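Let me begin by presenting the structure, written as structure tokens, before commenting on it.
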Amino acid sequence: MSVHQTLTPHALREALGCFATGVAVVTGLHPEHGAVGLTISSFNSVSLSPPLVLWSLAAHSPSRAAFAPGRPFAVNVLSARQEDLCRHFARPSAAKFASLPIETGLDDVPLLPGTVARFECVTERAIEAGDHQLYIGRVRHAGVNTSAPPLIFHRSRLSALVEGRAA
Numbered sequence: 001m002s003v004h005q006t007l008t009p010h011a012l013r014e015a016l017g018c019f020a021t022g023v024a025v026v027t028g029l030h031p032e033h034g035a036v037g038l039t040i041s042s043f044n045s046v047s048l049s050p051p052l053v054l055w056s057l058a059a060h061s062p063s064r065a066a067f068a069p070g071r072p073f074a075v076n077v078l079s080a081r082q083e084d085l086c087r088h089f090a091r092p093s094a095a096k097f098a099s100l101p102i103e104t105g106l107d108d109v110p111l112l113p114g115t116v117a118r119f120e121c122v123t124e125r126a127i128e129a130g131d132h133q134l135y136i137g138r139v140r141h142a143g144v145n146t147s148a149p150p151l152i153f154h155r156s157r158l159s160a161l162v163e164g165r166a167a
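Following the working numbering from start to finish, the sequence shown increments by one per residue and tops out at 167.
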């Protein structure tokens with residue numbers, strides 16, 4: 001194991017990249033600009049009772065208003081077949097939904113079809129944490145699709161989880 005004498009942002013990112021995560025797209029409705037979608041790998045469960053989840057967003061993001069307390073949002077957990085959606089929602093663009101088939105969830109929040117799981121939520125709390133904002137959402141509806149493996153992010157690479165092992 002290599003040990004970094006000085007903790008730099010690069011060294012921390014490299015170490016954190018060793019922790020494999022799923023990949024999701026958070027969707028919501030900005031009060032002025034309409035539908036927004038962002039690729040995240042910071043999604044996590046908080047509590048089963050009440051049903052709470054957590055994710056984070058860069059503090060300087062122009063999409064923050066879409067996820068303010070009381071606003072609805074959805075977490076769309078991507079399948080291994082949706083790497084193109086991962087990259088699409090990771091890039092800045094004003095018209096991210098223009099050419100995509102979408103479904104509509106609770107409170108008209110856009111939902112992505114074909115995902116392995118979906119959580120429809122409302123933001124309970126937004127917490128400033130360093131250079132990010134943490135969002136805690138109450139889950140109002142959840143769905144699962146077992147027909148496709150999830151998309152995984154590990155060491156800055158995307159891959160699939162196949163039959164219980166990394167591909």
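Where is the CB? At the ideal position from N, CA and C, for every residue including glycine.
Since the structure is predicted, the reported quantities are computational estimates derived from the model, not experimental observations.
Check: Is it true that the CB of His132 sits closer than 8 Å to the CB of Ser56?
Finding: Yes, these two residues count as a Cβ contact at 8 Å.
Check: Under the rule that 16 or more other beta-carbon atoms within 10 Å means buried, what is Pro110, buried or exposed?
Finding: Classification for Pro110: buried.
Check: Just the Cα atoms here: how many angstroms apart are Leu100 and Ser93?
Finding: Each residue's Cα considered, the two are about 13 Å apart.
Item checked: Under 8 Å between C-beta atoms of Phe97 and Gly37 -> Cβ distance < 8 Å, so Phe97 and Gly37 count as in contact.
Check: Tell me which same chain residues have a C-beta within less than 6 Å of the C-beta of Glu120, skipping the five on either side of it?
Finding: So the qualifying residues of the chain are Ala74, Gly105, Leu106, Arg140, His141.
Notebook entry, point to check: Enumerated in chain order, which unbroken segments of the alpha helix (DSSP H) with a length of 4 residues or greater are wholly contained in the segment 102-161?
Noted result: As far as the segment 102-161 is concerned, it has no whole alpha helix (DSSP H) run of at least 4 residues.
Checklist line | Own chain partners of Ala90 with C-beta closer than 6 Å, once the 5 adjacent residues on each side are dropped | finding: Excluding sequence neighbours, Ala90 sits near Thr39.
Check: Among Gly34, Ala126, Val144, Ile136, which one has its Cα closest to the Cα of Pro113?
Finding: Considering only alpha carbons, the answer is Val144.
Checklist line | Nearest-angstrom Cα separation, counted from Val46 out to Gly137 | finding: Rounded to whole angstroms, Gly137 and Val46 show a C-alpha spacing of 9 Å.
Margin query: For Ala24 and Ile152, I'd like the C-alpha separation in whole angstroms.
Written below: Roughly 10 Å separates the two Cα atoms.
Checklist line | Beta-carbon gap between Ala65 and His30 smaller than 8 Å | finding: If you check the CB distance, Ala65 and His30 come in under 8 Å.
Next item on the list: For Asn44, count neighbouring Cβ atoms within 10 angstroms of its own Cβ and tell me buried if that reaches 16, exposed if not.
Entry: Result: exposed.
Notebook entry, point to check: What is the DSSP secondary structure of Pro9, counted as helix, strand or coil?
Noted result: Looking at Pro9 - three-state DSSP - the assignment turns out to be helix.
Check: From this set, Ala35, Ser42, Thr6, Glu32, which residue's C-alpha is nearest Ala20's C-alpha?
Finding: Check the Cα spacing between Ala20 and each of Ala35, Ser42, Thr6, Glu32: the tightest is with Ser42.
Margin query: Going by beta-carbon coordinates alone, are Gly17 and Arg155 separated by less than 8 Å?
Written below: Yes. Within cutoff.
Checklist line | Spatial distance of Glu103 from Ala59 (CA atoms) | finding: C-alpha separation (whole angstroms): 28 Å.
Item checked: Pick from Ala126, His10, Asp84, Pro149 that is closest to Val53, judged by C-alpha positions -> Ranking Ala126, His10, Asp84, Pro149 by Cα distance to Val53 puts Ala126 first.
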